[in-house]
Amino acid sequence: MKLYQPDYYDKFQCTASACPMTCCMQWRIAVDDETLFHWQEDWKKHVKEVEEGHIIRLNKDGMCPFLNEEKLCKIVLSHGEQAISHTCQTFPREEHRYNDRIEQCLTPGCPAVLDLMWEQDDFHILEKEIKEKKTQTQKICGQKVKETSQNEEICELNPVLFKIRNWFLEIVNDKQLPLNTALEICFLIALDLYELEQKGVLEKEFLHYKNITDLQKIREAIGANDQMTEDRLEEYNLLFLDISEIYRKQNIYADFLVPLAKEAEDLDCQKTECWNKFLPKLAQWKQHLRKLFAEEMSSAVITPGTEPVQDILVKLEWMAMEYAVLLQVLFLHGYKGEITYEKLRESVCVIFRMMGYADDDIWEYMENCFDQVIWPWEYYALLV
Ligand code: SF4
């Protein structure tokens with residue numbers, strides 16, 4: 001059995017009371033049935049039923065009611081880690097289990113993860129040989145995981161999908177390519193591979209296709225595509241307002257989102273010159289953004305539910321939306337002031353928490369919000 005994980009995975013440590021954005025606030029914290037069954041009655045008073053199960057009812061200030069003054073979990077302090085829900089035990093770790101491999105990652109919704117990831121020179125995955133694990137971890141939604149030894153779910157995926165994902169990771173990690181160009185190239189390649197799959201020749205033709213693909217030629221054909229246009233600025237702005245709407249309505253991350261939404265609503269998208277003034281401020285963080293999207297490419301493009309290449313295309317589209325929303329948030333912060341490291345980290349955490357949808361929800365969003373689930377190239381290129 002092979003284990004794959006980012007090279008910083010084992011160094012992760014929760015900063016607990018020192019965390020600037022604890023995961024015990026302003027979030028839907030799931031409590032699984034097994035944990036809930038064993039909870040004391042006075043703990044259960046802080047739990048409410050929702051469509052997908054049970055979640056913790058947060059205080060009016062958005063904090064988890066189980067936190068003490070030092071922002072430490074009272075349940076852990078009194079009854080140990082085993083007493084808290086699987087979500088709380090495992091966050092920010094995720095694990096995807098396949099028939100011959102386990103892939104682990106750390107979600108960018110945690111500031112300590114971002115600090116660790118951004119300390120590395122590059123985003124790099126380690127491969128280790130391990131013995132079969134007795135306890136498995138099952139992904140239950142886009143942002144949370146659940147450990148189980150009973151309800152084991154091992155997925156068998158077409159091996160060519162891993163080869164595609166690994167190729168895309170190489171492309172995003174290639175510092176010769178601007179990040180937006182790298183993402184565009186991946187999308188164009190995925191469109192071609194989707195065609196091969198529909199013809200029933202993907203497995204047979206993949207290696208040949210990869211060998212004859214000239215990334216430099218694709219790069220020249222698509223051009224830099226780095227100018228801000230009115231259409232693009234308008235689309236970035238609309239996407240940010242749309243994605244954040246439900247959170248603003250529910251008063252989640254309100255301190256962060258509400259002032260930005262006000263800026264977005266007042267923004268004159270014809271004044272694209274503001275963007276040109278903002279670009280030099282963004283340039284200092286370009287390696288951070290590359291590592292962030294390399295991590296996304298590695299952890300989110302393939303998950304246990306991925307079947308055809310069409311699923312990969314949809315994930316690439318979602319990633320393009322994350323890219324657009326993140327850039328717009330940084331622009332709204334930065335065009336009048338500076339983008340500090342703390343602002344960048346907070347923005348990434350909020351956006352990746354907001355957009356950490358489960359695969360099914362991503363599909364639903366695409367079906368409801370776009371004419372076609374597979375976007376035309378022009379729309380993808382508009383976003384990245
Ligand atoms: S967000 Fe990360 S560092 Fe902060 S409390 Fe949660 S796990 Fe710990």
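With UniProt numbering applied, the sequence shown corresponds to residues 1 to 384, in that order.
The C-beta atom is built at its ideal place from N, Cα and C for all residues, glycine as well.
These numbers come from a predicted model, not from an experiment.
Heavy atom of the ligand SF4 within 8 Å of residue i beta-carbon
i	result
C105	no
C110	yes
V350	no
A16	yes
P92	yes
T22	yes
C19	yes
V172	no
Short Cβ contact (9 Å threshold) for residue i with residue j
i	j	result
L169	I125	yes
C73	C105	no
R290	N173	yes
L382	L332	no
A182	I312	no
L202	L196	yes
E342	E322	no
F240	V301	no
residue 398	D100	Outside the displayed span of the chain (1 to 384) sits residue 398, for which this structure offers no information.
N309	Y209	Checking the sequence, you will find Val at residue 309 rather than Asn. Their beta carbons are not under 9 Å apart, which means V309 does not touch Y209 by this criterion.
S78	L36	no
D32	H54	yes
I362	V325	no
Outcome for residue i when other beta-carbon atoms lying within 10 angstroms are tallied against a minimum of 16
i	result
T137	Any reading at T137 needs caution, since the residue's pLDDT is 44, under 50, leaving its predicted position unreliable; the model's value is listed next. Its Cβ being crowded by 16 or more others within 10 Å, T137 is buried.
Q216	exposed
V50	exposed
V145	For V145, the pLDDT reaches just 37, beneath the cut-off of 50, and the residue's location in the model is therefore unreliable, leaving the point undetermined.
G109	buried
W377	exposed
E34	exposed
Q372	exposed
E95	buried
V113	buried
T107	buried
F256	buried
N151	A caution first: N151 carries a pLDDT of 46, below 50, which makes its placement in the model too unreliable to give a value.
T135	Residue placement at T135 is flagged as unreliable, the pLDDT there being 48, under the threshold of 50; the coordinate-derived value follows with that caveat. Exposed, because fewer than 16 other Cβ atoms sit within 10 Å of the Cβ of T135.
S17	exposed
Pick from the options that is closest to residue i, judged by C-alpha positions
i	options	result
W285	L332, K44, I339	I339
L177	K199, E317, I302, A294	A294
T22	T181, D10, F66, W39	F66
A224	D121, F352, L179	L179
G62	I29, E230, T15	I29
M319	M366, Q82, L207	M366
L267	K315, E234, N276	E234
H38	Q82, P92, A221	Q82
E156	T306, V384, E205, E317	T306
E273	T229, I56, F123	T229
K48	R57, D42, Q40	R57
Cβ separation of residue i and residue j, assumed to be a contact under 8 Å, to the nearest whole Å
i	j	result
Y380	E127	The Cβ separation is near 31 Å, so there is no contact.
K281	G334	5 Å
V350	Y253	5 Å
P20	P111	6 Å
The ligand ZN heavy atom lying under 8 Å from the CB of residue i
i	result
V76	For the ligand ZN, the structure offers nothing, since it holds only the ligand SF4.
Chain D contact for residue i (CB, 9 Å cutoff)
i	result
T340	Of the protein chains in the structure, only one exists, and it is not chain D.
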